[in-house]
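Below: the structure, in structure tokens.
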Amino acid sequence: MLTSRSEGATSNKRTRNSSTNAGSARVANAAATIDARLGPRLAPIKPSLVSQPTELQGTIISLTKEMLELRDAIKQRKTSYARYDQPSKDPTTGNVVKDKEGNPLPFVPGALREKCPLKASPAANNDTIMAEHMEKAKKEHAEYIVKMIAVAKSAAREINIREESLRSTLYKLINKIALASVIRAELTVGLPDNCELGRPEFVGFIAIAIIEGSTAAFATKLGMDTVQALADDCQKRNTYPTAMPREEDMSFVTPIVTKLLADIPAFTNTLWDHDDERDMNRKVNAEIKKELEKAAIVESTEDVEEELEGIDLADAPKERLTDFIDKRVRKETEKKTVQFKKAMRKNSLGEAKNQTSMPTAS
0 MLTSRSEGAT SNKRTRNSST NAGSARVANA AATIDARLGP RLAPIKPSLV SQPTELQGTI
60 ISLTKEMLEL RDAIKQRKTS YARYDQPSKD PTTGNVVKDK EGNPLPFVPG ALREKCPLKA
120 SPAANNDTIM AEHMEKAKKE HAEYIVKMIA VAKSAAREIN IREESLRSTL YKLINKIALA
180 SVIRAELTVG LPDNCELGRP EFVGFIAIAI IEGSTAAFAT KLGMDTVQAL ADDCQKRNTY
240 PTAMPREEDM SFVTPIVTKL LADIPAFTNT LWDHDDERDM NRKVNAEIKK ELEKAAIVES
300 TEDVEEELEG IDLADAPKER LTDFIDKRVR KETEKKTVQF KKAMRKNSLG EAKNQTSMPT
360 AS
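If you're matching positions, the sequence shown starts at 0 in numbering that gives the first Met the number 0 and goes up one per residue.
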């Protein structure tokens, strides 16, 4: 059947519009999928992630998330072990606990706070010899606690183990991104003439160059004192061989190094700084909340005192007192209900399961 030229044009326009709409839908779905995989904590890496090959994006997300989780563990343990260098504090007031002479008591881990397990029977309490035995037992138990505190403090080696894992994961990330960059350069500009290095050698060289181009502050975050120490560690742990390219090969490898020095911090240092700022904001908000709650308690107490001053307790109607108490209880109950609902909504927002511990009032 013949169709007019205008009908054919209309049909072609519909086809183009349909294809455009389908393409837009695919792009939107892909973006939504990436957002779901990243979650709020990894959201800052999205602009850099989408510039990487699609085949590599899942690996980058996994390695980036693994490094964040390792940093969480390192920060938590550093906080825990730092307590050994501080005096013991009352968990309720935060005040330093002191002995009878007014000297600060050292921090003792919860597992070591038990009193001497040896106890005399009631029948032997007044026996002088038994009393000497029990005093000796208490003294030796106290000495044991001091020794175990030193042992527990020396177990900070587990921080170093996690820092080693963090560095190894970083090297894996650099290798993967470097390999993708080498493959792209091979296919776009080609290898230099008579090049004797293969992909593994180029990747190994690029990884060391990326590390050497970092900063001392970055090396410190990875548990190393200097950039050179970090580069030496990379050369020792990296699974890719390192070889020095010829001068003719540098025109191939230099643009890759320059680009990756700009790209990789988005998945490491920049993200870590953003994450640290996020944690600090949580701590600040927790402290502000604690102070506001203290102020609210003081204000509530003053309100009660003011109300009671206007009531003759000796001759007050029972109903008035009951109404006043019910009003205060109802107000506090409503306040707690609102806080609970807010907490439930926050917990359902789908943040990463492994998060830095939230500060508590203790």
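Even for Gly, the Cβ is constructed at its ideal location relative to N, Cα and C.
No experiment lies behind these values; they were computed from the predicted model shown.
Can you list, in chain order, the residues of its chain whose CB lies under 8 Å from that of residue i, leaving out five sequence neighbours each side?
{"i": "L259", "result": "I173, I176, A177, S180, I205, I209"}
{"i": "K365", "result": "No answer is possible for residue 365: it lies beyond the span of the chain, which begins at 0 and ends at 361."}
{"i": "P46", "result": "A265"}
{"i": "Q234", "result": "I207, T241"}
{"i": "V188", "result": "F251"}
{"i": "T168", "result": "L62, E65, M66, L69"}
{"i": "A31", "result": "none"}
{"i": "D98", "result": "L104"}
Would residue i pass as a contact of residue j if the rule is Cβ separation under 8 Å?
{"i": "V49", "j": "I73", "result": "no"}
{"i": "R166", "j": "L117", "result": "no"}
{"i": "V252", "j": "P244", "result": "yes"}
{"i": "E157", "j": "R76", "result": "yes"}
{"i": "C115", "j": "H140", "result": "yes"}
{"i": "M147", "j": "L111", "result": "yes"}
{"i": "L69", "j": "R161", "result": "yes"}
{"i": "V226", "j": "E246", "result": "no"}
{"i": "I60", "j": "R36", "result": "yes"}
{"i": "D248", "j": "P191", "result": "yes"}
Excluding the five sequence neighbours on either side, which residues of its own chain have a C-beta within less than 7 Å of the C-beta of residue i, listed in chain order?
{"i": "M223", "result": "L229, D232"}
{"i": "A184", "result": "F251, I255"}
{"i": "Y239", "result": "N174, P199, V202, G203, A206"}
{"i": "C194", "result": "D248"}
{"i": "A119", "result": "M129, M133"}
{"i": "D89", "result": "V96"}
Which of the three DSSP states, helix, strand or coil, is assigned to residue i?
{"i": "K118", "result": "coil"}
{"i": "P254", "result": "helix"}
{"i": "V188", "result": "coil"}
{"i": "K293", "result": "helix"}
{"i": "K138", "result": "helix"}
{"i": "T95", "result": "According to the sequence displayed, residue 95 carries Val and not Thr. Three-state DSSP puts V95 in a strand."}
{"i": "P90", "result": "coil"}
{"i": "P52", "result": "coil"}
{"i": "P244", "result": "coil"}
{"i": "P108", "result": "coil"}
{"i": "V26", "result": "Note that V26 scores 48 on pLDDT, short of 50, meaning its location in the model is unreliable; the coordinates nonetheless yield the value given after this. Helix."}
{"i": "D231", "result": "helix"}
{"i": "E131", "result": "helix"}
{"i": "S347", "result": "Only weak support exists for where S347 lies, its pLDDT of 46 falling under 50; the coordinates are left without a value."}
Which whole-angstrom value is the C-beta distance of residue i and residue j, which I expect to be below 8 Å?
{"i": "L270", "j": "P43", "result": "6 Å"}
{"i": "Y170", "j": "R236", "result": "6 Å"}
{"i": "A149", "j": "Y80", "result": "Incorrect: roughly 12 Å between the Cβ atoms, too far for contact."}
{"i": "M129", "j": "A136", "result": "Not really, about 10 Å apart at Cβ, beyond 8 Å."}
Cutting at 6 Å between CB atoms, please list the residues of its own chain near residue i, excluding the five before and the five after it.
{"i": "N268", "result": "F217"}
{"i": "S87", "result": "V96, L104, F106"}
{"i": "G109", "result": "none"}
{"i": "Q56", "result": "L48"}
{"i": "V26", "result": "Unreliable positioning characterises V26 in this predicted model, as indicated by a pLDDT of 48, which lies under 50. A coordinate reading is not provided."}
{"i": "H273", "result": "P43"}
Hey, is residue i's beta-carbon within less than 8 Å of any beta-carbon in chain C?
{"i": "K258", "result": "Reference to chain C is not applicable here, since this structure consists of a single protein chain."}
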